[in-house]
Each structure stands twice: as structure tokens, then as C-alpha cells.
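Read the structure below first, then the notes.
In this note's numbering, the protein residues as written are 1 to 393.
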């Protein structure tokens, strides 16, 4: 009896498997029967809905048991005190006080040019000569007259010392002699103006007027002389920085054309505020030992106008503002071993900014854990899960 029952069960399973095989999607497709195909599809759709309902029930149960699933995932940064050197960025031009276009002091023909372009000269060296128009001959005549006046004066002086002659004769001879001497000196000064001398040591950068040309005093440019030792940058600073940008402050100078950055200082800060643009002038000294820096090059200046030795700096992106205009950030408090904590909104007072960082003056202590990624999606008092602590940068 038991043997017969086992055979019956085996036969039933065989028929069932055979029926499932015949009713598979592949077999139904092979039949090509539209009604059969539609029936099979309806059967599968029903099974799918049943599975979805079961999944929904499982999700609802998981939701009641898993309290961590809906906690926002965030990253944080820890604050630490550091030195904050705020810089004011400005544009400036390189120049030098020893850059001059020389003009003559005397009008006439430029008879000689004694230097050439690129030549180094020393202060007082003769650069050119202008025709004096006969002043040298006049000087010779005046010298002869002055010698005669001197002789006459000396004789009258000896006679006067011997009480011979009148006092008026002595005084007249003295006056004539002194007048002649003064006339000689004045003419010498006029002749000296026909010689063009170097006002300082440097290099002849350009010969502007050629030899043989007629030049006018104070008008005709003769040549340009430059000295690259005394270089500096001049820039204009807004008046609100008048108490911060002062003599001796550190400056980082970048000259893009040369790809060179120089660390230097402010050597002079102006005391006059330009009423037209509300700025004051600043001079920054530039060392130029290799003579690579030329006048009129453009430069970028970073002037250290503020320093905080113990500053707390945070990214500007984590700072928000409420309807009252107060700035705030979210910090994580009461964090457990799993990284689960509470988001706490903290009102802060900020100071200066530099790039994408901002100085916090009040509200945060050293070591506070600030929410970085996810700061815009959390609420005060909401549980959060810290994934990791980011670097500030």
C-alpha cells in the first residue's frame, strides 16, 4: 500500500512539472495563439502585483524598525586656530625716479652728441654740446675788461691806504671791478648751459634728437636716460584702507610678464586723499639686481593689511543667513560612536574674507565640528550621520 502511494505522488509531480513546462513563456510564444499569449501575460502581471505588495509590506516594517535610514548623511570639518594674513589685491605700474627725458637749457644748434644708445654714463658726464652763438668770444672780452678793472681797483686801494686820492675814486674802481666779475660769472653760467651733462648715473635709453638739429631750451627732447637700480611700484589705494595700509607693511609683488614674484615692503604711503577718486598713493620698493624689471611693466600687488594670529577660518559656502540678517552655521553635537549626532544651528559673527574662506570672530570655538556637505539640507535639532571629516580645503 505504501509503495502504491509513493508511485502516485511521483506521477503527480511529473504531470505537474510537465504542465509547468508546457505553460512556460517560451512554449506559449511558440504556440502563436493570441488568446493564450494574453492569458499568460495577465497571469504574470498578477504575480508582479502580488510581489510588489509584499515588498511594500516589508518596506513599511523596515521603516518602523530602522531609525537610521532617514537620518541625513553629512560631512564635517573641525575648526582650529591659525594665522590669518588678509591681503588687499591691487594693480600697479613699475616706475623709477631715475627716468628722465633730457631737454636743453640753451637754444641753438646741437653741434655734438658724445654718447650712443645703450651706453652707461656717470653723473656729471658730458652728453652733448650746443653751439653757444659767440658767447665764448664775449667771455674773452669780458675777462680782459675784468682784468683791467681789477688792476685799477688794486691801485686805487693802495693809494687810498696811503691817504692819496679821494674815497669816491676808490669806491668807483671797486664797483667797476665787482660788476665786471659778476658779468664774467653770468656769462660763464650761460655758456655752461650749452653743455648737456648727465643728471644721474644710468644708461642712455634713446637718442631722440640727432646731431646738427636746432633745439629750443626746455622744449626739444635730446635723449632719454634711465637707471634701473631705484625701481618701485606706484599704486592707488582706496581711502578706507588708510589706517591699514601703512609704511613697512609686507607686500607680495607678481609681475606676470616675467613670471616673477617678489616679497617686499611699502616704503612710502601718501598722506593726501585724492578727492577725484578717494584714493591715496603708495610706493612699493622693488629690488632689481639682475636689471630684468623695466619701467611701465604692470604688476599685481598683495598688500598685507590685516593679521590675526589666532583666527578661526571656515569655507564661505557653509555660512547661511536668516531673515534677521544674522549669519549662522550648523555644528554637530552629542555624536556617538556610530557617527550619529544632532545638528545645532549656531549664530556667528564674521570678519574678513580671503578667496573662499571667511574669518569667524564670535560663535565658534577651536575644535568645533561644522557641517560642510549637507549643511543646506539639515534643520536645527535634526539627527544626522557623519560620514567622514573633510579637510578644510
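The beta-carbon is built from N, C-alpha and C at its ideal position, and this holds for glycine as well. As the structure is a computational prediction, the values presented were derived from the model and not from experiment.
When burial is assigned at 16 or more other CB atoms within 10 Å of the CB, is residue 97 buried or exposed?
-> exposed
Residue 308 lies in the alpha helix (DSSP H); which residues open and close that run?
-> It is not in any alpha helix (DSSP H) - residue 308 instead sits in the beta strand (DSSP E) that spans 298-315.
Backbone secondary structure at residue 200 - three-state DSSP | coil
Through-space distance from residue 319 to residue 76, alpha-carbon basis | 13 angstroms
Where does residue 208 sit, in a helix, a strand or coil, going by DSSP?
-> coil
Compare the C-alpha of residue 353 against each of 316, 110, 261 and 25 and name the closest.
-> 316
For residue 99, which residues of its own chain have a beta-carbon under 6 angstroms away from its beta-carbon, when the five flanking residues on both sides are left out?
-> 226 and 295
Any contact of the segment 114-126 with the segment 200-212, i.e. 3+ C-beta pairs under 8 angstroms?
-> yes
Kindly give me the distance between the Cβ atoms of residue 300 and residue 254, rounded to whole angstroms, as I take these residues to be in contact under 8 angstroms.
-> 5 angstroms
Is the segment 322-339 touching the segment 269-287 in the sense that three or more CB pairs, one from each, lie closer than 8 angstroms?
-> no
Hey, which unbroken runs of the alpha helix (DSSP H) at 4 residues or more fall wholly within the segment 110-194?
-> 135-161 and 167-192
Using the C-alpha atoms, what's the distance from residue 346 back to residue 364?
-> 8 angstroms
Report yes or no: do the segment 132-148 and the segment 173-182 share at least 3 C-beta pairs separated by less than 8 angstroms?
-> yes
Among residues of its own chain, excluding the 5 on either side of residue 230, which ones have a beta-carbon nearer than 7 angstroms to its beta-carbon?
-> 96, 97 and 98
Residue 8 by DSSP, collapsed to three states: which one?
-> Summary for residue 8: the model assigns pLDDT 39, below 50, so the residue's position carries little reliability; its value from the coordinates is reported in the next sentence. Helix.
DSSP state of residue 92, grouped into three classes?
-> strand
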